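Take any residue in the sequence shown, count from 1 to its spot, add 7: that is its number in the working numbering. Written out below as structure tokens is the structure these notes cover.
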Amino acid sequence: MTEEMSPAERFAASRRRAAENATALAQFRELYEFGLDPFQIDACTALEAGSGVLVAAPTGSGKTVVGEFAVHLALAEGRKCFYTTPIKALSNQKYSDLAKRYGAERVGLLTGDNSVNGDAPVIVMTTEVLRNMLYAGSPALDGLGYVVMDEVHYLSDRFRGAVWEEVIIHLPQSVTLVSLSATVSNAEEFGDWLDTVRGDTKVIVSEHRPVPLWQHVLAGRRMYDLFEEKAGATPGAKGRREVNTDLERLARMENQRGFSPRGRRGREADRERERRARSRVWTPSRAEVIDRLDSEHLLPAITFIFSRAACEAAVQQCLYAGLRLNNDEARATVRSIVEQRTASIPHEDLHVLGYYEWLEGLERGIAAHHAGMLPTFKEVVEELFLKGLVKAVFATETLALGINMPARSVVLEKLVKWNGETHADITPGEYTQLTGRAGRRGIDVEGHAVVLWQRGFDPAAVAGLAGTRTYPLRSSFKPSYNMAVNLVGQFGRHRSRELLETSFAQFQADRSVVGISKQVQRNEAGLDGYKESMTCHLGDFDGYMRLRRDLKEREAELSRQGAMQRRAAASDALEKLKPGDIIHVPAGKYAGLALVLEPGVPAGRSTNHHHRHEEYHDGPRPLVLTAERQVKRLAQIDFPVPVEALDRMRIPKSFNPRSPQSRRDLASAMRSKAGTAGWAAPERHRKQRSAAADDTEIAELRAAIRAHPCHGCDDREDHARWAERYHRLRRDTQQLERRIEGRTNTIARTFDRICALLTELDYLKGDQVTPEGRRLARLYGELDLLASECLREGVWDGLNPAELAACASALVFEARQSDDAVAPKLPTGNAKAALGDMVRIWGRLDALEEDHRINQTEGVGQREPDLGFAWPAYRWASGHGLDAVLSDADMPAGDFVRWCKQLIDVLGQIGNAAPENSPVRRNSRKAVDGLLRGVVAYSSVG
């Protein structure tokens, strides 16, 4: 029993409580029905004391409460607060939340395509909008007291991450910064940098999940726990957890089946084992998964599928399987909400948008959620999910980016996804982000993450993903042309250089140099030891080893020359091919008979800009139709030996490479001709006599090696092993020294190269920004310099609004998958000529970037304009109907709307940058009016 407090102690405690109750935090806490967690209290206390904060906590832990406290402080102090998010959907959601809490008159929204109450004291915006405000010196920044950067770990994003650093560096020092991040392993390092550039910053890290998470594997009819938890243990508790032995045994059985003995008896035993095992384990269907979760009371659930088409297919599979997750009352409520939210969509567009199929899924409690959906449809899915009227959502990983859609369970179909370049395993950070949606605070006692069993399943690998809760934050900051002219205009070149050196990218690079320098010192000590061990009493062993290396290098050089000659011969043969030639592709994925549709151009002039420095840089890349009816552009690697035409056949004028029927008919005709002619695959080329056998330099080196005194040493090979180690370590040490040199001032060096190119193009003159440069400062985006050059050369002057929309689309659009087999359809006349001029100007800029060593592979420079959206943009801006435009565009409605909104944004920039009273300024505004109609005009703010 505690002792009773003395009068003095009671008085002190009373004073303390009174002081606490008088704080803004105490008033803020009364707004919430639940108590705040310790990390939230620590962060809010630091914020009220005047410090900036970095809060790193798991998804779903409630770190946005700290951001909302910054809003509360700003309103209490009569100052402004900007709340920034990485994506528009998250901005829209945060706007709705804050407007409900503080009143719509005090909260505004600014995204690329929406502006609501822009003079409000609290404004929610995408991070790019704030960056543009800072460069423009917007008067809206007056009175700004707080900036909340939600999902600040987004600065690792290689495409957009630089924007976060630009904002952090350029915000006035009087602004208090609140950074909210997922749990990252280097939060202290990021906090140290924030402390350096922003002043006093407190780092608050929490790894506690408010709702415990259980990890499972669903295999066949059985749900296995991933880990064997000790009695009374809390899921996710610290300490090593053992992988479920039943799962490991199952995986071993599955893997052993792949290595059974050959022969009839072995195959029969295999089939019997397969039959027996199938009764125990298989990958359950999507409908089976949802049905199982429903029976175990684990709905609502989000199933992450890394494909938009697969998300839509999953909904259809569940409907065909007869799944119904809603009763009649819920169905009626769903229909009422959906009809109310979609009332503004014209009736004729509903069928095109797949409305009725979508509504049927919603009524049954099943929906998809991905970036290809109409924004209104996505928002309805989110609303119904939060109300418990949609219980199964099939989503791509974009849903995991902070949108408030927590579920009881999360299902991962596969642990591999397409990252834009290749199929890669998901990272521990991605796994944590996805499974973080499981467990609704205040609703669920626990959350559940379910991974589906797949062939070749490795329980230890999944346990590694589930057990690694953090990932490092890596800067993706790179200077751009627009950034350069804006910085030089505001601060001059020298001060701009200093500012860029304060970036997180340079901070990380400088820190990494310390470790490398220590490694160089250790290597140098090792070199002394190796040198002593390789010393030979008969002579200079280092000189002897130099002769041996020279011999090895000469032999390798001759081998390379031979390979180059073989490639040249193959390339010469390819250049002789003509459309209609039938060839036998000697190697590669498409080896076999093929019909040449187009001989191809040298890959150095290829339309695929991503491969500027890659393989196949020299030689034609023929477009062919394979015997398997595929139209593919082949590469040099498919032709290791020269190829000759076996025969010729006529390609019909009506042949359309996009049409499966056309491809089938032509491939069938080719195969018939092959069967009649009886062609055989060409014989393999015989290996020729090695050039090394007749090389005089090699003969001289061999003679010098035999004549060297050390050649006769009894310990020669022992010395040679030490000498090889010495040479290898010296080479590694030199590489480390080059890395130290390369990492110092890297950002500033790139900035200098960009400034040199801009000076050559008359955008900069020393510390002065020219009128051309001031125009460039108003153009944001990947192709800022290309847009500025097009304005300078008057490329768009003679275009009407629809033609201008078509041309501007090439500045924003990027196809999800590069397909250089078929050229995109383009508008005719002036628009087609202007698009050709844009590609020509890009080619000139590309060559200039090469001259100035500005490298696209490092994320700097201008990518090639993509013309794939020019025809849909032209048709929509010309007033054509949605059905006609979408059937031509071959893209989902959501993608079409998203690209149109980005196009509207860039047209606004072009209008602002174009000279007063110019036709481009007038027509850009008319183009915006032409685009902003129908589905594109539906407000995404509910």
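Glycine included, C-beta positions come from ideal geometry on N, C-alpha and C. These numbers were taken from a predicted model, which means no experiment stands behind them.
In this model, residue 760 and residue 793 are separated by some 17 angstroms (Cα to Cα). Relative to the Cα of residue 393, the nearest Cα in the group 413, 374, 630, 404 belongs to 413. Each residue's CA atom was taken as its position, placing residue 540 and residue 560 some 25 angstroms apart. According to the DSSP secondary-structure assignment, residue 156 is paired through a beta bridge with 91, 186.
Closest option to residue 527, judged by alpha-carbon separation, among 882, 607, 743, 33: 743. Residue 631 carries a strand assignment under DSSP once its states are collapsed to helix, strand and coil.
Residue 817 sits close to residue 842, with the two beta carbons spaced by under 8 angstroms. A residue is called buried when at least 16 other Cβ atoms come within 10 angstroms of its Cβ; residue 327 does not meet this threshold and is exposed. Relative to the Cα of residue 822, the nearest Cα in the group 844, 876, 368 belongs to 876. With a contact defined as Cβ atoms closer than 8 angstroms, residue 831 and residue 933 miss out at about 24 angstroms. Shown here for residue 914: same chain residues with a beta carbon closer than 6 angstroms to its own, the five before and five after excluded, namely 815, 931, 934, 935 in chain order. When the five nearest sequence neighbours on each side are left out, the beta carbons in the same chain lying within less than 6 angstroms of the beta carbon of residue 141 are those of 177, in order along the chain. The C-beta of residue 811 has 16 or more other C-beta atoms within 10 Å across all chains shown, which makes the residue buried. In the three-state scheme derived from DSSP, where H, G and I count as helix and E and B as strand, residue 556 is classed as helix.
Here residue 531 is not near residue 753, since their CB atoms are 8 angstroms or more apart.
Going by beta carbons, residue 506 and residue 514 fall outside the 8 angstroms limit. 8 angstroms or more divides the Cβ of residue 74 from the Cβ of residue 207.
Nearest neighbour of residue 229 by Cα position, chosen from 187, 289, 197, 182, turns out to be 289. DSSP, reduced to helix, strand and coil, places residue 166 outside both helices and strands of the structure shown, so it counts as coil.
By the C-beta density criterion, residue 588 is buried, having at least 16 other C-beta atoms within 10 angstroms. Taking 8 angstroms as the cut-off, the beta carbon of residue 533 is found closer than this to the beta carbon of residue 736.
Straight across, the Cα-Cα distance linking residue 340 with residue 105 is about 26 angstroms. Residue 64 sits in coil when the DSSP states are folded into three classes, being neither helix nor strand. The three-state secondary structure of residue 401, taken from DSSP, is strand. In this structure, residue 381 lies near residue 942, with their beta-carbon atoms less than 8 angstroms apart. Residue pairing from DSSP places residue 456 in a beta bridge opposite 222, 417. Secondary structure of residue 195 (DSSP, three-state): helix. Nearest C-alpha to residue 511 among 358, 908, 125, 171: 171. In this structure residue 765 is not in contact with residue 557, their Cβ atoms being roughly 46 angstroms apart against a cut-off of 8 angstroms.
Fully contained in the stretch 546-603 are the following beta strand (DSSP E) runs of length 3 or more, in chain order: 588-592. If you compare the alpha carbons of 402, 351, 294, 378 with that of residue 371, the shortest gap goes to 294. In the three-state reduction of the DSSP assignment, residue 802 falls in the coil class, being assigned neither a helical nor a strand state.
In the DSSP annotation of this structure, residue 832 is not part of any alpha helix (DSSP H), being labelled neither H nor E. By the Cβ rule, the stretch 706-720 counts as touching the stretch 541-555, because three or more pairs are nearer than 8 angstroms. For residue 637, the secondary structure class from DSSP, reduced to helix, strand or coil, is coil. The C-alpha of residue 895 lies about 29 angstroms from the C-alpha of residue 850.
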